[in-house]
Ligand SMILES: NC(=O)c1ccc[n+]([C@@H]2O[C@H](COP(=O)([O-])OP(=O)(O)OC[C@H]3O[C@@H](n4cnc5c(N)ncnc54)[C@H](O)[C@@H]3O)[C@@H](O)[C@H]2O)c1
Ligand SMILES: O=C(O)CC[C@@H](O)C(=O)O
């Protein structure tokens, strides 16, 4: 045996096994370990939480824990040696049965026929699974077991050593391992057994240790040192880790290991692992693999946006929630994979949808989630938000936040985060492109030629050099654009409600009209607010220079489009570029029509009008960066309570707890901003030492964060209840 592949819940398992892994590293060398991000239905093994249904004892649904410790089963010790069918059965119970976008916890039991179908569907081959162990418990759907003698674990481990391709599920069960001869290729072990297995056996056989994520990229979890001291089960609460291990005896058996993984995980896991990668550093790399897709400069650039696994957990204590339980995140509108990876690494349950959802479906889905991630299409109105019973935080994976009722969210104690500048450059580049395309009538020429018409003209086609660009809104995008435009030889003027320092030789003008009257190109980069609604309408269009161009990449409501159509029709303007519209489809498809906006076909019929489907920020670079930025902000709010960067909420943060800080609880208390609340809260906290505390308010709400020490784990519940029962409380969370 020279390698081991471990798939596990990164957070929980690394917390437990880090010391063991360290001991392995110290003495030996290589395990190929594949960290499976626990994401939606792609997760390998959802945690074996006590609520999860994995078997049925005497006809009643029960949990893995209950099955394992049930007095009704016939067993000799704490380990269940499973036949492979039964292990699959168990795993099936752990795994979601739903197709589509279901939660990992949506389990139900399977009957034997379904199980057989599932096994075949999952490409299980009898040669791989071996002969089933007969179990009298099968009819009751109980897990099989080993009736071995109680002579310690040596025999079993010895037997294991002689096997190849053994699947091992590890639970957080407390029973001891009692050995028997190994009769099956499937084992279910408890944590202590794994400890024994790793420390007593495998460290003699392992040559090196590499952790890989599901993309086969090495994850440097072991150098953080963050997990030391976090291995005691008492600190894990209801985080019951599960680990699946496949042992293999030679390089050639990697393929069968992989088949076994298919069998164990179901066919829809998303990791496709290059066997060479799993074999470790000296093996095949992507670059040398004959089937490798070459990595472009863009991909290497994107590397900087890979999830910062280490920085999230680095050097401070990882806290876990007392009151919120499993964190569920609903991600809509094709939020980038970088965010999914970040949430997966935290062990959150992620439900992912490529599109936005209509109000009814949204209301249904939002009911029990703790976080929701959206882009510009999903309308989180008060009517939707009032159905969210557990919602802590909203992530707008974009710049604009006008799609969220920010005030309602704040008053419900829901923090909202966005990505204030990750796509600014992408928008600015698109605007430069549109300026040139408009002044050269590029859209029309291209369309004509697509229809076979050769139309070589220069009339009314211009260079942009020397022309004046008027930027309305000199924020992140406007100022970036200013620099690019000057590099093209344009003169830049800008108008903003704030006095903003000019970049390059740009000049701020004192009114919108002054800007309109002096610009060849007018481009809008203001947010959607009551002030900016129809900011460009007939009077403003009339003020513009004859033959000028208008560009709107901000928000659809900022331009009065019927007025723009009129100005284009009469030749007042020479062209326009629109990326945003008052109403936009919730998903891709032939949906941009008069039903959506009544003037659509009229707009489509106009010459030199570039229409794009809200793609200003839609680049790989921008979306990856946004995924990392908002994903990290949400994680930090959920895990540590930090609201720095929230757009509707007091910004509060405390430094993390040291790894060795015992019995410390972080209190997160969102409340109405009225007199006397702090006195009440501090009275409750006064029996403990307040290590640090920070409170701030914004409008009607306030947020208190405090680290208190000397708290017994048993006291946390009553502390929580006391805080929950205070007047003016909005949300209480305790992390410990
Ligand atoms: N098309 C896209 O895909 C896309 C991508 C990103 C952003 N956007 C939109 O672009 C907008 C601007 O983005 P940003 O990052 O530059 O925002 P920003 O907040 O950095 O800048 C906006 C600027 O507008 C100014 N402003 C606000 N109200 C004004 C008014 N009435 N008159 C003049 N100036 C006013 C502000 O002072 C600020 O300087 C966003 O709000 C978003 O709606 C669109
Ligand atoms: O990606 C989106 O849907 C929105 C892009 C842009 O309008 C933004 O607000 O950042």
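Residue numbers (our numbering): 17 to 752. Just so you know, even glycine gets a beta-carbon here, dropped at the ideal spot from N, CA and C.
request  = Could you round the C-beta distance between residue 600 and residue 393 to whole angstroms and report it? I think they count as a contact, below 8 Å.
outcome  = 6 Å
message = Does residue 671 pass the burial test, meaning 16 or more other C-beta atoms within 10 Å, or should it be called exposed?
response = exposed
request  = Please find out if some non-hydrogen atom of ligand 2 comes closer than 8 Å to the beta-carbon of residue 388.
outcome  = no
query = Mind checking whether residue 426 and residue 642 have CB atoms under 9 Å apart?
reply = no
key: Buried or exposed by the 16-neighbour rule on C-beta atoms within 10 Å, applied to residue 730   = exposed
request  = Could you please give the first and the last residue of the uninterrupted alpha helix (DSSP H) stretch that includes residue 736?
outcome  = Looking at the DSSP string, the run of the alpha helix (DSSP H) that includes residue 736 is 732-740.
inquiry  = Tell me the residue span of the alpha helix (DSSP H) that contains residue 412.
reply    = Counting along the chain, residue 412 falls outside any alpha helix (DSSP H), though it belongs to the beta strand (DSSP E) covering 409-412.
ask   = Nearest CA to the CA of residue 390: which residue from 682, 692, 639, 723?
value = 639
query = Can you name the start and end residues of the alpha helix (DSSP H) that residue 479 belongs to?
reply = For residue 479, there is no enclosing alpha helix (DSSP H), as DSSP marks it with neither H nor E.
ask   = How long is the line joining the alpha carbons of residue 400 and residue 655, rounded to whole angstroms?
value = The straight-line gap from Cα to Cα measures roughly 25 Å.
query = Quick one: what's residue 626 bridged to in DSSP?
reply = 593
message = Assess contact between the segment 449-457 and the segment 584-596, defined as three or more Cβ pairs (one per stretch) separated by less than 8 Å. Is contact present?
response = yes
key: Those runs of the alpha helix (DSSP H) which lie wholly inside the segment 599-656 and span at least 4 residues   = 616-620, 636-656
request  = Using the Cα positions of residue 382 and residue 365, report the straight-line distance between them to the nearest angstrom.
outcome  = 14 Å
ask   = CB residue 751 to CB residue 336, shorter than 9 Å?
value = yes
message = For ligand 2, I want to know if residue 611 counts as a neighbour, meaning its beta carbon is within less than 8 Å of at least one of the ligand's heavy atoms.
response = no
key: Rounded separation between residue 514 and residue 526 - CA only   = In a straight line, the C-alpha of residue 514 is about 10 Å away from that of residue 526.
key: Residue of 410, 357, 406, 388 minimising C-alpha distance to residue 13   = Shown here, the chain extends from 17 to 752; a query on residue 13 therefore has no answer.
ask   = Got a sec? Which residues, its chain only, sit under 6 Å from residue 416 by beta carbon, not counting five neighbours each side?
value = So the list reads 392, once near-sequence residues are dropped.
request  = Would you mind working out which of 541, 563, 458, 559 sits nearest residue 483, comparing C-alpha positions?
outcome  = Cα-wise, what sits closest to residue 483 is 563.
Nearest to residue 661 (by Cα), restricted to the options 519, 701, 435 = 435
ask   = Hey, residue 388 and residue 346 are a contact pair by Cβ (cut 8 Å); roughly how many whole angstroms apart?
value = 5 Å
task = Run the CB neighbour count on residue 666, radius 10 Å, all protein chains shown included, and call it buried at 16 or more, exposed below.
result = buried
key: Near ligand 1: residue 662 beta-carbon under 8 Å from a heavy atom   = no
key: Close-in-space but distant-in-sequence residues of the same chain around residue 700 (CB under 8 Å, 5 per side omitted)   = 735, 738, 739, 742
task = Could you say which of 385, 578, 397 lies nearest to residue 375 if we only look at CA atoms?
result = Nearest Cα to residue 375 within the set 385, 578, 397: 397.
inquiry  = Under DSSP, the alpha helix (DSSP H) around residue 727 begins and ends at which residues?
reply    = Where residue 727 is concerned, there is no enclosing alpha helix (DSSP H), given that its DSSP letter is neither H nor E.
key: Spatially closest choice to residue 658 from 344, 377, 430, by CA coordinates   = Nearest C-alpha to residue 658: 430.
ask   = Cβ of residue 640 within 8 Å of any heavy atom in ligand 2?
value = no
request  = Run the proximity test for residue 416: is its beta-carbon closer than 8 Å to any non-hydrogen atom belonging to ligand 1?
outcome  = yes
query = Is it right to say residue 100 is buried, meaning 16 or more other beta carbons lie within 10 angstroms of its own, or is it exposed?
reply = Since pLDDT at residue 100 reaches only 32, below the 50 mark, its modelled position is unreliable, and no value is offered.
query = Closest by CA to residue 344, which one among 378, 355, 407, 533?
reply = The candidate whose alpha carbon is nearest that of residue 344 is 407.
key: Residue from 566, 529, 533 whose Cα sits closest to the Cα of residue 540   = Ranking the options by Cα distance to residue 540, first place goes to 566.
query = Would a C-beta distance cut-off of 9 Å place residue 490 and residue 498 closer than the cut-off?
reply = With a cutoff of 9 Å on beta-carbon distance, residue 490 and residue 498 are scored as near each other.
query = In the DSSP assignment, what residue or residues form a beta bridge with residue 565?
reply = In DSSP, residue 565 forms a bridge with 537, 591.
query = Given residue 705, which residues of its chain have a CB within under 7 Å of its CB, disregarding the five upstream and five downstream residues?
reply = 724, 725, 726
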